[in-house]
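Structure, as structure tokens:
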Amino acid sequence: MKILSIETSCDETAIALVEVTIKESSITADQIESELFSQIDIHKEFGGVFPAVAKREHAKHLPILLEKILKFQETRQREDKDWIPAYAGMTTQKMDSYLHKNDIWKEIEALLEREVGLFETFKKLVTAHETPHIDTIAVTTGPGLEPALWVGINFARALSLYWNIPLVGTNHMKGHIFSVLLDQKEINFPALALLISGGHTELVELNSVTDFNIIGKTKDDAVGESYDKVARMLGIEYPGGPEIAKLAQEAREKNIGSGDIRLPRPMIHSKDLDFSFSGLKTAVLYTIRDLSEITPEIRMNIAHEFEQAVTDVILYKTKKALEQKGYKSLIVSGGVIANTYLRSQLKALEVTEGVEVLFPKFTDSTDNAQMIAVAGAIESTKTAPIINPELRAQGNLPY
Ligand code: KG4
Ligand code: ZN
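Here it is, written out as structure tokens:
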């Protein structure tokens, strides 16, 4: 199945082309091409992601990224004269009605009119290029920022209508979980997924690719969010997670102990598998407030102790979850796994807990569209193919 996928849930605009093969017990995914525009530099001045700005930037960059993908695909598919889409001849009611409709532009205009100039750009772009040889379009419908999600959804619906290709809605978090399949990794079930990003901190039980159950989650801030907030207190600009990690690493190398400043390990001994990071952030705030001066050494010290506290809690709760059930694999995903210290500590669970630990490739661990293609392919096996389905943005979309 060849999938064109679209991701606009937060501050990355992304489109990818991926070939996904689903057989009885195995799924393989080969990325053909991917394009991404990161809005981080634009949001920096606001100190976080600003939904109205994210929405505007998605509308501006989706056509630019799509053009790159279509140009690439056009040269590829010239060789491929015998292409037959997977759903050719399949007649859902919706497909039939669209096939017999001459003027779909009014409908496409209605979908795109909320974004200034998008309809005109869209029309110019799609009429200048061949219909790509793809079977399905996949788009993120949540969780995420609703204004941002809507732009991707409406753009995807317009493409589905114009090309007469089915569209499937996809869950962003499932995308993060299945991103490991982009690295030719198999998931052995039951699997435990630990998702750590700027918006989520979750432990999810997976009994199959379609059977998910959240067994633990944060009650307040997500891990990445707490890194970013602590960074801000130390005068580091958004997103400060990577910089805090760098300071902590430096402290470890220079043996600047974390003992001088002691931060709490919130909820580490709670009976459940939930997390809480807002107390940790507040503890950092009080520590800073009580200091007369923040020297470079103290900054390193705080970063070190903060990272250690986060790592201790995540490791403890993950181990506890692993001990509750005979999980065969642990999938760790989300932007925070760029953190090499946390990553190495989690990888060590292979030895101590006897579980296979899977990480996506570095480039697939932050938000991207290739992971949405894999999750979309799996989703499409559950429903009949539909052209222009009435998808809705759902900020808190459940699994
Ligand atoms: O998954 P992601 O790209 O976007 C969301 O869906 O949130 O994650 C971004 C988050 C940000 O909060 C960022 O500060 C954090 O991941 N992050 C890190 C590191 N690199 C990125 N946190 C700690 N250490 C890092 N090296
Ligand atoms: Zn994400």
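In the working numbering, the protein residues as written are 72 to 470. Glycine included, each C-beta is placed from N, C-alpha and C at the ideal position. The model shown is predicted, which means the values in this text are computed figures rather than measured ones.
Within a Cβ cutoff of 8 Å, which residues of the same chain sit near A293, ignoring the five residues on either side of it in sequence? Mapped onto the sequence shown, residue 293 falls at position 222. Here the set comprises I267, S268, G269, G270, H271, T272 and F348.
Where the beta strand (DSSP E) through G405 begins and ends: The residue you call residue 405 lines up with position 334 of the sequence shown. Here G405 belongs to no beta strand (DSSP E), and DSSP marks it neither H nor E.
Among T437, I258, H243 and A264, whose alpha-carbon lies nearest the alpha-carbon of N467? Taking the first residue of the sequence shown as 1, we reach residue 467 at position 396. For N467, the nearest C-alpha among the options comes from H243.
Top-ranked residue by Cα proximity to T454, from A229, Q102 and T241: Mapped onto the sequence shown, residue 454 falls at position 383. Cα-wise, what sits closest to T454 is T241.
Please find out if some non-hydrogen atom of the ligand KG4 comes closer than 7 Å to the beta-carbon of T382. As a working mapping, residue 382 is identified with position 311 in the sequence shown. Not so, every heavy atom of the ligand KG4 lies at least 7 Å from the Cβ.
Taking 7 Å as the cut-off, is the CB of D438 close to at least one heavy atom of the ligand KG4? Locating residue 438 in the sequence shown gives position 367, where the first residue counts as 1. At least one heavy atom of the ligand KG4 is nearer than 7 Å to the Cβ of D438, so yes.
Ends of the beta strand (DSSP E) at I98? For the purposes of this step, residue 98 is identified with residue 27 of the sequence shown, where counting begins at 1. Where I98 is concerned, the enclosing beta strand (DSSP E) stretches over I98 to S109.
In the DSSP assignment, what residue or residues form a beta bridge with F346? Numbered from its first residue, the sequence shown carries residue 346 at position 275. The partner list for F346 (beta bridge, DSSP) reads T289.
Closest to P335 by C-alpha separation, out of M371, K325, F346 and K342, would be which residue? Counting from 1 along the sequence shown, the entry for residue 335 is found at position 264. Among M371, K325, F346 and K342, the Cα nearest to that of P335 belongs to F346.
Any heavy atom of the ligand ZN inside 7 Å of the beta-carbon of S268? As a position in the sequence shown, residue 268 is number 197, starting the count at 1. Yes, since a heavy atom of the ligand ZN falls inside the 7 Å radius drawn around the Cβ of S268.
Per-residue DSSP class, three states only, for D282: For the purposes of this step, residue 282 is taken as the residue at position 211 of the sequence shown. Three-state result, D282: strand.
Using the rule of at least 16 other Cβ atoms within 10 Å of the residue's Cβ for burial, across every protein chain shown, is D112 buried or exposed? Counting from one through the sequence shown, the residue named residue 112 turns up at place 41. D112 should be labelled exposed.
Is the Cβ-Cβ distance between H375 and A319 less than 8 Å? Numbered from its first residue, the sequence shown carries residue 375 at position 304. Numbered from its first residue, the sequence shown carries residue 319 at position 248. Yes, Cβ-Cβ distance for H375 and A319 is below 8 Å.
Tell me whether S80 sits in a helix, a strand or coil according to DSSP, three-state version. As a position in the sequence shown, residue 80 is number 9, starting the count at 1. It is coil, neither helix nor strand.
Quick one: what's got a C-beta closer than 7 Å to A219's C-beta in the same chain, skipping five residues either side? In the sequence shown, the residue the question calls residue 219 occupies position 148. Cβ within range, chain order: T79, S80, C81, P122, A125, K126 and H129.
Under a three-way DSSP split, which group does L75 fall into? Counting from 1 along the sequence shown, the entry for residue 75 is found at position 4. L75 falls in the strand class under three-state DSSP.
Taking 8 Å as the threshold (C-beta atoms), are E314 and A60 in contact? Outside the displayed span of the chain (72 to 470) sits residue 60, for which this structure offers no information.
Measure the Cβ-Cβ separation of E424 and K390 and say whether it is below 8 Å. Against the sequence shown, residue 424 aligns to sequence position 353. Against the sequence shown, residue 390 aligns to sequence position 319. For E424 and K390, yes; Cβs fall inside 8 Å.
In the DSSP assignment, find the alpha helix (DSSP H) that holds V422 and state where it starts and stops. By 1-based counting over the sequence shown, the position of residue 422 is 351. Element bounds for V422: L420 to E424.
P460, buried or exposed, once every other Cβ within 10 Å from all chains shown has been counted against 16: Translated into the one-based positions of the sequence shown, residue 460 becomes position 389. The residue in question, P460, is buried, as its Cβ has 16 or more Cβ neighbours within 10 Å.
Where the beta strand (DSSP E) through T207 begins and ends: Here the question's residue 207 lines up with position 136 in the sequence shown. Element bounds for T207: T207 to G213.
Quick one, which of Q379, S297 and M338 has its alpha-carbon nearest Y412's? To locate residue 412, count along the sequence shown from 1; it is residue 341. Of Q379, S297 and M338, the residue nearest in Cα terms is Q379.
If we count the other Cβ atoms within 10 Å of its Cβ and call it buried at 16 or more, is P469 buried or exposed? Against the sequence shown, residue 469 aligns to sequence position 398. Result: exposed.
Where are the alpha helix (DSSP H) runs, 4 residues long or more, that stay fully inside the stretch 184-239, in chain order? 189-198 and 217-234
Is the distance from the Cβ of T84 to the Cβ of L141 below 8 Å? If you number the sequence shown from 1, residue 84 lands on position 13. If you number the sequence shown from 1, residue 141 lands on position 70. No, the pair does not count as a contact, with Cβ atoms beyond the cut-off.
Indicate whether K139 and E106 have their beta-carbon atoms separated by less than 8 Å. Reading the sequence shown from its first residue, position 68 is the one you call residue 139. Reading the sequence shown from its first residue, position 35 is the one you call residue 106. The answer is yes: Cβ separation under 8 Å.
Three-state class that DSSP yields for V120 in the structure shown: The residue given as residue 120 occupies position 49 in the sequence shown. Of the three classes helix, strand and coil, the one that applies to V120 here is coil, per DSSP.
Starting from I385 and walking both ways along the beta strand (DSSP E), at which residues does that stretch end? Within the sequence shown, the letter at position 314 stands for residue 385. It is not in any beta strand (DSSP E) - I385 instead sits in the alpha helix (DSSP H) that spans P367 to Q395.
Would K245 and A446 be called neighbours here (beta carbons separated by less than 8 Å)? Walking along the sequence shown from the start, residue 245 turns up at place 174. Walking along the sequence shown from the start, residue 446 turns up at place 375. It is a contact, given that the beta carbons lie within the stated cut-off.
Thinking L393 and V426 are a contact (beta carbons under 8 Å), I'd like their distance in whole angstroms, please. Walking along the sequence shown from the start, residue 393 turns up at place 322. Walking along the sequence shown from the start, residue 426 turns up at place 355. Their Cβ separation, rounded to whole angstroms, is 6 Å, which keeps L393 and V426 in contact under 8 Å.
Using the Cα positions of E191 and L253, report the straight-line distance between them to the nearest angstrom. Position 120 of the sequence shown, counted from the first residue, corresponds to residue 191. Position 182 of the sequence shown, counted from the first residue, corresponds to residue 253. Distance between the alpha carbons of E191 and L253 is about 35 Å.
Can you list, in chain order, the residues of its chain with a C-beta nearer than 8 Å to that of K115? Leave out the 5 residues immediately preceding and following it. If you number the sequence shown from 1, residue 115 lands on position 44. Here the set comprises E308 and Y309.
For I208, which option in G311, E180, N372 and V91 has the closest C-alpha, if you only look at C-alpha atoms? Counting from 1 along the sequence shown, the entry for residue 208 is found at position 137. Of the listed residues, the one whose Cα sits closest to I208 is V91.
So, using beta-carbon positions, are L305 and I458 closer together than 8 Å? Along the sequence shown, one-based indexing puts residue 305 at 234. Along the sequence shown, one-based indexing puts residue 458 at 387. No, Cβ-Cβ distance for L305 and I458 is not below 8 Å.
If you measure from the CB of E296, is any heavy atom of the ligand PLP nearer than 7 Å? What this structure holds is the ligand KG4 and the ligand ZN, not the ligand PLP.
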